Each structure stands twice: as structure tokens, then as C-alpha cells.
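K.L.:
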Amino acid sequence: MLGINSGKSFAKKFEPLEFYGKMLDVEIVEANKIRNGYASVKNGRVLIRVPKHCNMRSKERMVEELYTKISISLKRRPQSFVSNAPLKFYDGEKIAPNGEELVVEVRNSAYKHSSSRVRGGKVIVSIGADKKDISELASKAIARHFEGYIESNVKLWNERFKSELGSIRISRGLTIWGSCSPKNNITINLRLLFIDKKFLDYVVVHELSHTKVRSHSKRFWRIVEKYIPEYRKIRRELKLVGAVIDTEANLQNQAIKPAEVEANQTPEQNVLLNMEKKSAPTGEGQRTLENFS
Ligand SMILES: [Zn+2]
Numbered sequence: 002m003l004g005i006n007s008g009k010s011f012a013k014k015f016e017p018l019e020f021y022g023k024m025l026d027v028e029i030v031e032a033n034k035i036r037n038g039y040a041s042v043k044n045g046r047v048l049i050r051v052p053k054h055c056n057m058r059s060k061e062r063m064v065e066e067l068y069t070k071i072s073i074s075l076k077r078r079p080q081s082f083v084s085n086a087p088l089k090f091y092d093g094e095k096i097a098p099n100g101e102e103l104v105v106e107v108r109n110s111a112y113k114h115s116s117s118r119v120r121g122g123k124v125i126v127s128i129g130a131d132k133k134d135i136s137e138l139a140s141k142a143i144a145r146h147f148e149g150y151i152e153s154n155v156k157l158w159n160e161r162f163k164s165e166l167g168s169i170r171i172s173r174g175l176t177i178w179g180s181c182s183p184k185n186n187i188t189i190n191l192r193l194l195f196i197d198k199k200f201l202d203y204v205v206v207h208e209l210s211h212t213k214v215r216s217h218s219k220r221f222w223r224i225v226e227k228y229i230p231e232y233r234k235i236r237r238e239l240k241l242v243g244a245v246i247d248t249e250a251n252l253q254n255q256a257i258k259p260a261e262v263e264a265n266q267t268p269e270q271n272v273l274l275n276m277e278k279k280s281a282p283t284g285e286g287q288r289t290l291e292n293f294s
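Count the sequence shown with the working numbering and you get residues 2 to 294, in order.
1) If contacts are defined as beta-carbon pairs under 8 Å, then V51 and E28 qualify, I think. What distance do you get, rounded to the angstrom?
2) Got a sec? Which residues, its chain only, sit under 7 Å from K165 by beta carbon, not counting five neighbours each side?
3) What are the start and end residues of the alpha helix (DSSP H) that includes F1?
4) Please report the residue range of the alpha helix (DSSP H) in which S59 lies.
5) Taking 8 Å as the cut-off, decide whether the C-beta atoms of R170 and A142 are in contact.
6) When we look at the beta-carbon of N180 and count the other beta-carbons within 10 Å, is it buried (16 or more) or exposed?
7) Under the assumption that V105 contacts V126 (Cβ atoms under 8 Å), give the Cβ distance between them as a whole number of angstroms.
8) Mind checking E16: buried by the 16 CB within 10 Å criterion, or exposed?
9) Using the DSSP secondary-structure output, state which residues sit across from K23 in a beta bridge.
10) May I ask you to report which of helix, strand or coil DSSP gives I189?
11) Say yes only if the C-beta of H217 is nearer than 7 Å to one or more non-hydrogen atoms of ligand 1, and no if none qualify.
12) Pull up the CB-CB distance for D158 and L209, whole angstroms please, since I reckon it's below 8 Å.
13) I need the straight-line Cα distance from I235 to V225, nearest angstrom please.
14) Compute the Euclidean distance between the alpha carbons of G45 and M63, then round it to the nearest angstrom.
15) Rounding to the nearest angstrom, what Cα-Cα distance links N37 and H54 in this structure?
16) When the Cβ atoms of the stretch 107-117 are set against those of the stretch 130-149, are three or more pairs found closer than 8 Å?
17) Grab me the residues of S172's own chain with a C-beta within less than 6 Å of its C-beta, minus the 5 sequence neighbours each way, in chain order.
18) On the DSSP letters alone, give me the boundaries of the alpha helix (DSSP H) that S210 sits inside.
19) Tell me the DSSP secondary structure of G179 in three-state form.
20) In chain order, what residues of the same chain lie with their CB nearer than 6 Å to the CB of I229, ignoring the 5 residues before and after it?
21) Looking at the secondary structure, which residues open and close the alpha helix (DSSP H) in which E226 lies?
22) Would L88 and S136 qualify as a contact pair, given that the criterion is a beta-carbon distance under 8 Å?
23) Specify the secondary structure class of K240 as computed by DSSP and reduced to three states.
24) State the DSSP-derived secondary structure class of R215, mapped to helix, strand or coil.
25) In the DSSP assignment, the beta strand (DSSP E) including K123 goes from what residue to what residue?
26) With a threshold of 7 Å (Cβ to nearest heavy atom), would H146 be considered close to ligand 1?
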């Protein structure tokens with residue numbers, strides 16, 4: 002129930018926190034390359050990161066403080082935690098796309114080009130001289146790893162639609178869950194692998210329904226409903242879940258040392274928001290796009 006990372010060093014368990022009616026597990030990660038502690042809402046859970054190099058006592062205190070702060074902030078201003086930020090991955094992070102447990106492992110590579118792959122239960126990110134972004138590389142590897150799965154899922158549903166399909170791809174955009182081009186090229190967003198499978202099925206059925214009806218007309222929704230009778234509920238939930246998984250708003254913990262600083266500050270003063278809004282990709286032609294919101 003409680004997502005405490007490894008449980009090796011942090012004995013204390015933290016209760017899940019509520020965010021827009023969803024209970025988020027708390028995960029604690031010791032990270033190598035950070036100086037301060039951070040708490041964020043990420044991939045459907047509360048993630049607390051503390052610097053590995055600190056001693057156990059400061060780490061525990063930091064975790065405690067960040068947990069308190071983020072619980073207050075999630076109650077007072079949950080909207081601060083909603084944004085369309087890119088998926089982020091960290092060294093040592095445990096992830097479970099499509100329920101497959103993987104650990105992100107970042108290595109330094111002697112090569113010029115950075116690369117990434119999924120192998121032996123790991124997302125291996127090798128950073129070369131070109132110093133590419135870890136999250137970007139990890140996302141690419143995960144997308145490649147699940148390409149076949151997504152393709153077979155789309156094809157399985159298409160046995161009922163019997164449409165002529167073009168390409169089936171995983172997209173990594175920030176605003177679109179899925180799309181269907183006039184040539185029935187279908188894209189499905191990578192983020193759907195990180196949430197309940199019913200959402201993936203809904204998006205797949207939605208896109209396949211566009212192979213029959215391009216617009217979002219009554220006729221279109223009747224087709225969706227035929228395959229996913231509870232689609233209205235799933236659609237509503239997807240908007241909330243979308244908010245949860247797209248989110249990374251950081252709470253930075255500056256008060257590692259003096260506890261007095263803590264007492265004089267409201268938690269909001271320590272909130273650093275990472276809320277860069279990206280606009281939807283342009284040049285999509287007549288593709289039918291499903292937005293996150
Ligand atoms: Zn649509």
C-alpha cells in the first residue's frame with residue numbers, strides 16, 4: 002500500500018495523500034546529484050527526493066518536513082500541481098509502465114552519442130559527450146520497448162472495427178492523448194502506459210472510432226459507447242489522472258539546517274512551481290486530436 006522506496010533506510014511509513022479525490026502513495030528516493038530535498042507530484046504519486054550524501058538524521062528530518070509541506074500544499078492549492086510538464090525520470094527511480102517493473106539506471110558513457118535501452122528490468126540511460134537529457138532518453142527507450150504492445154492492443158481492438166490502418170506509433174507529446182490521421186495513422190501517448198489500462202483502451206477505441214466518424218458527433222460517441230459503455234466516466238477521470246501524471250511541481254526544501262526558519266515560513270514560500278505551459282504541436286493537418294483537457 003505505501004510506496005516507500007526500498008525501505009532499506011527509511012523506516013517510517015507515510016500515509017498516502019489525497020489529490021483531486023485520488024489517493025497518492027508516497028515514495029522516497031535518495032538521489033545522487035541534488036543539493037536540496039524536493040517533494041513533487043509525479044506519475045500518480047508523491048515523490049520525495051533527498052540528497053544521498055546527507056547523513057541519515059538530516060535525511061529523515063528533510064523527508065518529514067517535505068511530507069508535511071506537501072500535504073498542506075496539496076490541500077490548500079492542489080491546482081498548483083497541475084500542469085503539462087514532460088515526463089521526468091531520475092537515476093534509481095522505480096517505474097512500472099504497463100505494470101512492468103523497471104529501474105532507471107543512468108551511466109556515463111565514453112561515446113559521443115547518448116543512448117538508451119530497456120534491458121533486464123532496467124531502463125539504461127548512457128550519457129555520452131553530447132549530454133542529452135536523461136528524461137528524454139528514458140522516454141524514448143520506454144516508447145520503443147512498448148511499441149509492439151501498443152500495436153497489438155490497437156490491432157486487437159481493430160478486429161471489431163475492421164478498419165484499414167496506417168502506422169501505429171507511440172507519441173511523447175505534452176497535450177495529446179491520441180490521434181488519428183485521414184490515412185488512419187494512429188498515435189497513442191506514452192503516458193497512457195503509466196496509468197490504469199482502461200484509459201489506454203478508451204483512447205484506442207476513441208481513435209479507432211474516428212476511422213468511422215471523423216468528427217465528435219453524436220454518431221461518433223455512439224460508436225465509442227458500443228465498445229466502452231462507461232466511456233463518460235473514464236473520460237472524466239482521464240482529465241484528472243492526466244493532471245496527476247503530467248504534473249511536476251516542486252517543493253524545495255531550503256530549511257535543511259535551522260528549524261526556526263521553518264517555523265517562520267508558510268509552506269507556500271518554499272513552493273517552486275515548474276509550470277511551463279507548452280502549446281499544442283502545430284502542423285497537425287486534419288488529424289483528429291484528443292487533448293489532455
Ligand atoms: Zn477524438
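Note that CB positions come from ideal geometry on N, CA and C, so glycine has one too. Because the structure is a prediction, the values reported are computed rather than measured.
P.N.:
For this structure:
1) Here V51 is actually not in contact with E28; their C-beta atoms are around 12 Å apart, not less than 8 Å.
2) The question names Lys, yet the displayed sequence has Glu at residue 165. The answer, listed in chain order, is N185.
3) This structure gives no information on residue 1, because the portion of the chain shown stretches from 2 to 294.
4) Taken as a continuous stretch (DSSP letters only), the alpha helix (DSSP H) holding S59 covers 57-77.
5) In this structure, A142 does not lie closer than 8 Å to R170 by Cβ.
6) The sequence given here places Ser at residue 180; Asn does not occur at that position. Under this definition S180 is a buried residue.
7) Contact annotation, V105 with V126: C-beta distance approximately 7 Å; criterion of less than 8 Å satisfied.
8) With fewer than 16 other Cβ atoms within 10 Å, it is exposed.
9) F20, per the DSSP bridge assignment.
10) DSSP, reduced to helix, strand and coil, places I189 within a strand of the structure shown.
11) Within the cutoff, so yes.
12) Looking at the sequence shown, residue 158 is not Asp but Trp. The Cβ separation is near 6 Å, so the contact holds.
13) Approximately 12 Å, taken between the alpha carbons.
14) Going by the C-alpha atoms only, they are around 22 Å apart.
15) Put simply, the backbone Cα of N37 is about 11 Å away from that of H54.
16) Yes, they touch.
17) Taken in chain order, the residues that qualify are T188, N190.
18) Bounds of the alpha helix (DSSP H) holding S210 are 198-211.
19) In this structure, G179 counts as strand in the three-state DSSP scheme.
20) Short of 6 Å from the beta carbon of I229, and not among the five residues preceding or following it, lie these beta carbons of its own chain, in chain order: Y203, V206.
21) For E226, the enclosing alpha helix (DSSP H) begins and ends at 219-228.
22) Yes, they are a contact pair.
23) Three-state result, K240: helix.
24) Reduced to three states, the DSSP call for R215 is coil.
25) Taken as a continuous stretch (DSSP letters only), the beta strand (DSSP E) holding K123 covers 123-128.
26) The answer is no for H146.
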